[in-house]
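The next block holds one structure in the form of structure tokens; read it before the comments.
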Amino acid sequence: MQRAVVIGAGVVGASAAYRLAATGAAVTLVDQNTPGTGTTGNSFAWLNANHKPPAAYHALNVAGIDAHARLAADLGAAPWLHRTGNLTCAVGAAAAEALTAHVSALQAAGYAANLIDHQRAQDLEPHVQWPACPEVAFAHFPQEGWADGPLLVRTLVAAARALGAQVLPGDGVTAIRRGGDRVSGVALASGTAMAADVVVIAAGRWSDQVAALAGLRLPLAPTCGLLAVTTPLRHGPRSVVYAPGVHFRPEGDGRVVLQDGSTDAMVTPSTPRDPALPACRELWRRASAYLPDLAAADIVEARIGIRALPADGYPIVGFAPGCTGLYLAVTHSGMTLGPLLGELIAAEALGQARDPRLATFRPERCVGHR
Ligand SMILES: Cc1cc2nc3c(=O)[nH]c(=O)nc-3n(C[C@H](O)[C@H](O)[C@H](O)COP(=O)(O)OP(=O)(O)OC[C@H]3O[C@@H](n4cnc5c(N)ncnc54)[C@H](O)[C@@H]3O)c2cc1C
Numbered sequence: 041m042q043r044a045v046v047i048g049a050g051v052v053g054a055s056a057a058y059r060l061a062a063t064g065a066a067v068t069l070v071d072q073n074t075p076g077t078g079t080t081g082n083s084f085a086w087l088n089a090n091h092k093p094p095a096a097y098h099a100l101n102v103a104g105i106d107a108h109a110r111l112a113a114d115l116g117a118a119p120w121l122h123r124t125g126n127l128t129c130a131v132g133a134a135a136a137e138a139l140t141a142h143v144s145a146l147q148a149a150g151y152a153a154n155l156i157d158h159q160r161a162q163d164l165e166p167h168v169q170w171p172a173c174p175e176v177a178f179a180h181f182p183q184e185g186w187a188d189g190p191l192l193v194r195t196l197v198a199a200a201r202a203l204g205a206q207v208l209p210g211d212g213v214t215a216i217r218r219g220g221d222r223v224s225g226v227a228l229a230s231g232t233a234m235a236a237d238v239v240v241i242a243a244g245r246w247s248d249q250v251a252a253l254a255g256l257r258l259p260l261a262p263t264c265g266l267l268a269v270t271t272p273l274r275h276g277p278r279s280v281v282y283a284p285g286v287h288f289r290p291e292g293d294g295r296v297v298l299q300d301g302s303t304d305a306m307v308t309p310s311t312p313r314d315p316a317l318p319a320c321r322e323l324w325r326r327a328s329a330y331l332p333d334l335a336a337a338d339i340v341e342a343r344i345g346i347r348a349l350p351a352d353g354y355p356i357v358g359f360a361p362g363c364t365g366l367y368l369a370v371t372h373s374g375m376t377l378g379p380l381l382g383e384l385i386a387a388e389a390l391g392q393a394r395d396p397r398l399a400t401f402r403p404e405r406c407v408g409h410r
């Protein structure tokens, strides 16, 4: 039986641990913290392949959405998965034209994307107040949705445990051991040492530091994102909504999560997680134009997530160059891709053929030795 250690219990590592355990490996999943509290716990978590060029990355994300459905079928229930669709609204002649062209390109690629009229948008989202001006366009992406990241990780960790995996929260990997050019195990902060045939680095935005323990240079370019969470609304959105200046989605129990790229730029990793932040007020103000019920609600939580973003923006997935048995898995869009990567990591790490869908995302393109 192959011994696998997975470093990091976010959506990527937990998916890998579950699939490795299901394939019959002796799995240990290690996290320096509580599983699901890294970037996975601070994500907008939109499941999509909507703006994901080039074609290979788009196709990987399409497969990622499909893998959520496969995971749901395998586990028999999917409390984390909200297949709500996405509704995007563009205002102004140029933006409306761009959205129309975008939908045409996605349709040509076989992606579920439709232009809809104002009435249909209102039917889909009866509690959203859409702009009524003439130069407005709406697109509906019915196969998209969102995932509850922490719940997905808890579900995967429980499923991996049920298959015999050992899960060690609150204990960080401090050394990666090698015997010649092969990985031989890891050492933990607690002093525990563990032998392994395969070690998977799925440590998200910390993956560069963990890879350095094996003498590797893994280039990341992390960025920050701010999420503002509201008190429960009587009538909130049903789906993921992209509107000019803000996007939002349900968060469960009537709460709504708000985000936008421009307010992301107003925070840093050290910004206090304070719901009174000016950026949170700004998100609330913008979203209030679309959600009248926000007037009676407030922001109760500010979350700041740090994207596990490889320097060139694309996933780094595969065996590390020059270290047999050491597998790297770090990506943005991990909420969409996590369950798929879990399948691919398990198959490749345990010796099956390399999956051609990962051909352009291999570590060799950017990972070097220190
Ligand atoms: C604001 C924001 C919005 C986003 N929106 C989307 C979106 O809409 N759709 C989408 O698909 N993706 C989105 N993402 C990206 C997505 O959330 C991430 O790609 C994904 O959560 C990364 O998961 P992960 O498992 O790689 O990392 P993480 O969830 O960060 O997990 C890594 C784990 O490794 C552990 N770790 C680190 N170092 C060690 C060590 N030495 N030893 C042991 N454990 C260690 C950490 O404690 C952590 O739990 C967003 C991200 C952000 C920040």
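The numbering of the sequence shown is the numbering used here, which starts it at 41 and goes up by one.
For every residue, glycine included, the Cβ atom is placed at its ideal position computed from N, Cα and C.
- In this structure Ala103 does not touch Arg402 by the C-beta definition: roughly 17 Å separates them, more than the 8 Å allowed.
- Taking C-alpha positions only, Thr79 is separated from Gly244 by approximately 7 Å.
- Under the three-pair Cβ rule at 8 Å, the region 80-89 does not count as touching the region 200-219.
- For the beta strand (DSSP E) assignment, the uninterrupted runs of no fewer than 3 residues enclosed by the region 245-322 are, from N- to C-terminal side, 264-270, 280-283, 286-292, 295-299.
- The continuous beta strand (DSSP E) containing Met234 extends over residues 233-235.
- In this chain, the alpha helix (DSSP H) harbouring Gly378 covers 374-389.
- Annotation for Arg217: the continuous beta strand (DSSP E) segment containing it runs 213-219.
- Less than 9 Å separates the beta-carbon of Ala229 from that of Asp211.
- Remark: C-beta atoms of Leu258 and Cys406 approach each other more closely than 9 Å.
- As computed with DSSP, His122 is found in a beta bridge with Trp186.
- Contact holds between the region 384-398 and the region 357-373, because three or more Cβ pairs, one in each stretch, are under 8 Å apart.
- Shown here, Asn82 sits in a helix according to DSSP, grouped into three states.
- Straight-line measurement puts the Cα of Ile241 at about 16 Å from the Cα of Arg347.
- In this model, Ser247 and Gly294 are separated by some 35 Å (Cα to Cα).
- Between Thr308 and Cys264, the C-beta spacing is below 9 Å.
- With a cut-off of 8 Å, the C-beta of Cys406 is classified as distant from ligand 1, since no heavy atom of the ligand falls inside that distance.
- No heavy atom of ligand 1 is found nearer than 8 Å to the CB of Trp170.
- Taken through DSSP and simplified to helix, strand or coil, Ser224 comes out as strand.
- Asn126 and Ala177 have their C-alpha atoms roughly 14 Å apart.
- For Gln206, there is no enclosing alpha helix (DSSP H); the residue is found in the beta strand (DSSP E) stretching over 206-208.
- Distance from Ala369 to Leu381 at the Cβ level is roughly 6 Å; contact confirmed, criterion being Cβ atoms closer than 8 Å.
- A direct Cα-to-Cα measurement between Ala172 and Ala65 gives close to 57 Å.
- The C-alpha of Arg274 lies about 14 Å from the C-alpha of Glu165.
- In the DSSP annotation of this structure, Gly104 is not part of any beta strand (DSSP E); the continuous alpha helix (DSSP H) holding it starts and ends at 95-115.
- Around the beta carbon of Pro332, a 10 Å sphere encloses fewer than 16 other beta carbons of the protein chains shown; the residue is thus reported as exposed.
- The criterion of a C-beta distance shorter than 9 Å is not satisfied by Ala49 and Val223.
- Within the region 122-199, the alpha helix (DSSP H) runs of at least 4 residues that lie entirely inside it are, in chain order, 133-148, 158-164.
- Within the chosen limit of 8 Å, ligand 1 reaches the beta carbon of Thr371 through at least one heavy atom.
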